[in-house]
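Written out below as structure tokens is the structure these notes cover.
Residue numbers (UniProt numbering): 1 to 68.
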């Protein structure tokens, strides 16, 4: 896989929660969990399922920081 994004986090799918049109895919990347919102069609096309290895690919133009 070759893509332009620099933040590629390899992990394992821990949960897929399907909604009407969108699924939340949770990926464990070594103790931390990243959640991606993707279409149900993409879940089916990629044949995603719990336990399968996957990559969380982060491509953003801005990163915000907040404090309490």
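The beta-carbon is built from N, C-alpha and C at its ideal position, and this holds for glycine as well. Here the structure is a predicted model, which means the values were calculated and not measured.
*Pick helix, strand or coil for residue 28, following the three-state DSSP scheme.*
strand
*With a floor of 3 residues, list each beta strand (DSSP E) that falls wholly inside the UniProt domain "Mop" (2 to 67), ordered by position along the chain.*
7 to 18, 22 to 28, 33 to 39 and 53 to 58
*Decide yes or no for the touch test of the segment 47 to 62 against the segment 2 to 9: beta carbon pairs closer than 8 Å, at least 3 of them.*
yes
*asked:* Could you compute how far the alpha carbon of residue 77 sits from the alpha carbon of residue 22?
replied: Summary: the structure shown does not reach residue 77, with the chain confined to residues 1 through 68, and so no result is reported for it.
*asked:* Please state whether the Cβ-Cβ distance between residue 13 and residue 50 is less than 8 Å.
replied: yes
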